[in-house]
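Here is the structure we will look at.
In this note's numbering, the protein residues as written are 28 to 1173.
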């Protein structure tokens, strides 16, 4: 009780002390009002108006009686006290300027003794400047005179115009604390700081700091970098660049690999002539990994990305992903190619990128394993010699885990011993996941099946004797399956994916040294030699297996390119060739990818997981003997020792007989062999391509034939013997950036071979696109539609379509504003379960009552939605429609029509498992698109009619409907459907008095696991009377009467609410608001339980709620806010909550 009194006393004492002392403190720092009158000289300035710093947005600039607008009529530099006009100020005109100066006592200049100069003009102008800053002076300064004031003295010394710093600092700092009898005391702080400008003529600085986290100590001090939401400090100059904070580093080394790294730390770069050196030291939050998989027919998503050990649900570091579809890099965004859920590692492709069973998908990314603190260090340099003809480059990267600083767990001495003895084998670094905790203290019991094998069975929370942790061990490699909500079920060995074990993560380190020398001795000819050394330790606790940690690599490449080359008396249009030799040692480990993203396709790889020496030889050439003819060649070999060998040959020709016609032909042959355990597998790939393109004025056409054949000589191959022929025809018509129209048809014929070639399937893909941009400044539209049909040899016919339509219509008359959006996508979903986690009193958003979880902002549970490994195919339908119609703007002479307009809004999102009628879905905005097969639905409709909009009496009629349904929850259907009609009348009785009343009727149906069906019919009336006294005082008396009937149980509820409100404004300073509500609820029959969906969630009996808030602006740079709320309900008692915040601007 004493501690509660102390908290309550502090809640009111601290704001009181700040209220008393803050204005006195602020008055010592800020707030000296001043002003002057400027007379024109026929120029636009700059005009000197102050020697002190001017407080932002405190100025008022008047020309005669006209108040000028900032950025439109004038520009101002608050730091320098300079003013510019957008129009010249005539000699007979004058400006009256008033503003507030920063009067902290800090002067702009400090000196031991003033430097003396002999220039008379400087003395004269200094005198004029002193006169200009008086409060009631009339000043006439020319642009030339203002320039002399700043440039004359220093110009005589250096001969150059002196530097004037334009460093700008802005931001805010806030402190707040929350206190209540439900939630414990908490202190919060926030910082937003921006600093930018020039420190010197050549040195620029930029600093962005955003800290909205909770400090680790009562004063809110940020102790660690990751507590800051955003940190960036950047210094740039011709010879030096420095960075501190969040940053991305891109690597593209010959032997170190290429990828992007997200870091938090410091980096610096120095440049000297053509030489440069850089260094970085940071905390690394992610681990690089590459996923490769094939698309699924009719599935645009979800595709789950997996970690290094095959685990799902990984957290992707935002912005580090690169997604490739059939070798093409895609763009992120719902309006582009794909979307990604970083928190769960889920990838969905948009309707503009069709994914099929032939799609090759590769995703590079960094993900967070949260096992150890990981540091990152890199340094690189580049030096040029012989007038830039010789170039030396060096790169060293080191990334390592801090083995003594685990993040998500704590080590025991036994754990360290397990790690020490496991070597580099992760499967050995495990321990028993079960622990006996005593009867009634665990969640599992130990049982024995019919074969005598022991297993753990879930008994319920705190109903068993064992606490068990499970780990994913691979598909069909375990004995348990996950059923959701943290529960695992025993299914016998080899039928599950989990085991009751805990894997101890191995701390690792990885470093790479990459040295390169480049030579450009002859014009057009360049060569480069590289050497690399890597060291990768997979377990820093163990020395076992360290003999193969290190490896080296070697690279040599050369290239030649020349335009208009003369050879044997003939002029060649262009000649280009590239040669590459690269040898990666058996244990060499680059940081990222060193090859093309589709390395397997380039070399015909069966499996690239085998570790070993890798030698690559590659030669590419491009030869254009004449301007309209070009030849290219691609030869190469890949040798991975006894494990794999491959050779490739590629040739191509391009012919342009006319400027409007281009013909291409190419051929590619790959032969490879791979040694297996019992046999050697050989393969051959053949690819052929022919294309003809024609462009004439606005019309472009293209026809192509692609053929691929893949033959393997063993039945043990993971890859099939397949070949296909693909015919493509496309047409495009466009008129600059105004409009475009395109269509493309692709026929694909696929065959497979067991004994002989047999047809597997054929498919047709028809893609269409229409775009119109701001037609007559009224209409814009985009349409994309893709239809695909696949006929499988078994007789199965698969059909699918994706598409999107966007239309904006906005005529100049503004009589009708129309926005349409439609989207159809082949997105499936997974079954889910809602987990409610107890986080402590006052820290959650739900409370548990009467067998269900009820929304409560001061509850003790949070909702965590968990997706299960049970995929359900479906089709995602999205639609939105907005139309605002002003008949008075269409018929401006009709006064009655000017008093009326309508607003219609429809938003619809539906995931269905049945075919959809395109015509009904698009042509009818209210069509719900296959509602019978609904998996997920979210439908909202609002129709408003406004009458007498410009009269004292106005009326709004509204009809609204909301329908939400979820059939993917494992425990069954959850649906909430509402339909309402309302009439809102607003009458301005007098300039001071306003009467507002609203009559509404609502029907709600709710169905979920807690009850079979809840059907509520409600009627309500609300009446508000508001009186305003001048501009400072507003008083409102609000009353509400609600009647609800529940049809299934016969429950009847009555609610009456009375709420007086008072608001008092201190013009330009603050606002005080208070209100108190009395809500009386009764229901019958009293023997039943009152559902929280009725009576607006209030309890039966007398409910009281009150609010007191006060916002006060102490001055231009300091404000304070106080909020106090309380709630008293029957049975639950009284709850108090208070929050006080002080915010300073600078």
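Note that beta-carbon positions come from the ideal geometry of N, C-alpha and C, so glycine has one too.
In the structure shown, residue 1148 falls within a strand segment according to DSSP collapsed to helix, strand and coil.
With distances taken between CA atoms, residue 310 lies nearest to 289 out of 899, 289, 316, 320. Cα atoms of residue 540 and residue 389: separation of roughly 27 Å, rounded to the nearest angstrom. For residue 408, the uninterrupted beta strand (DSSP E) run begins and ends at 399–412, by DSSP. DSSP places residue 1087 in no alpha helix (DSSP H) but in the uninterrupted beta strand (DSSP E) bounded by 1078–1093.
Under the 10 Å beta carbon count, residue 961 is surrounded by 16 or more other beta carbons and is classified as buried. Restricting attention to 1168, 1167, 1153, the CA atom closest to the CA of residue 1161 is found in 1153. The stretch 1004–1017 makes no contact with the stretch 863–878, as fewer than three CB pairs between them are under 8 Å.
Residue 506 and residue 786 have their C-alpha atoms spaced approximately 40 Å apart. If only complete runs of 3 or more residues are kept, the stretch 974–1011 shows the beta strand (DSSP E) at 980–993, in order along the chain.
Beta-bridge pairing by DSSP links residue 1072 to 1044, 1079.
Just so you know, the alpha carbons of residue 755 and residue 527 end up roughly 54 Å apart. In the three-state reduction of the DSSP assignment, residue 205 falls in the strand class.
Between residue 926 and the set 465, 366, 917, the nearest pair of CA atoms involves 917. Contact annotation, residue 1047 with residue 1027: C-beta distance approximately 5 Å; criterion of less than 8 Å satisfied.
In the structure shown, the three-state DSSP call for residue 433 is strand. Its Cα nearest to that of residue 676, the residue 713 stands out among 701, 752, 713. Counting only the Cα atoms, residue 600 lies some 5 Å from residue 653. Membership of residue 914 in the alpha helix (DSSP H) is indicated by the continuous run 914–917. In this chain, the beta strand (DSSP E) harbouring residue 388 covers 387–395. Counting only residues of its own chain and dropping the five nearest sequence neighbours on each side, residue 695 has a CB closer than 6 Å to the CB of 677, 714. DSSP lists 224, 262 as the beta-bridge partner residues of residue 232. Along the stretch 451–475, the beta strand (DSSP E) occurs as fully enclosed runs of 3 or more residues at 457–459, 461–463, 471–475, listed in sequence order.
Within the DSSP bridge table, the entry for residue 873 names 882, 888 as partners.
For residue 371, there is no enclosing alpha helix (DSSP H), as DSSP gives it neither H nor E. In this structure, residue 968 sits near residue 933, with a CB-CB distance shorter than 7 Å.
Per the DSSP secondary-structure output, residue 306 pairs in a beta bridge with 295, 406.
Secondary structure note for residue 835: it is in no alpha helix (DSSP H), and the uninterrupted beta strand (DSSP E) holding it is 824–836. A check of alpha carbon separations from residue 1008 across 971, 1019, 995 identifies 971 as the nearest. Three or more Cβ pairs closer than 8 Å define a contact, and the stretch 350–364 falls short of that threshold against the stretch 773–788.
Nearest in C-alpha terms to residue 306, of all of 334, 414, 268, 336, is 268. Excluding residues up to 5 positions away in sequence, 1097, 1098, 1148 lie with their Cβ nearer than 6 Å to the Cβ of residue 1138 in the same chain. Looking at the DSSP output, residue 1163 sits in a beta bridge with 1153.
With respect to residue 205, residue 1166 sits close: the two C-beta atoms are nearer than 7 Å.
Excluding sequence positions up to five before and after residue 379, its CB lies within less than 6 Å of the CB of 811, all in the same chain and listed in chain order. Exposure of residue 998 is indicated by the presence of fewer than 16 other C-beta atoms within 10 angstroms of its C-beta.
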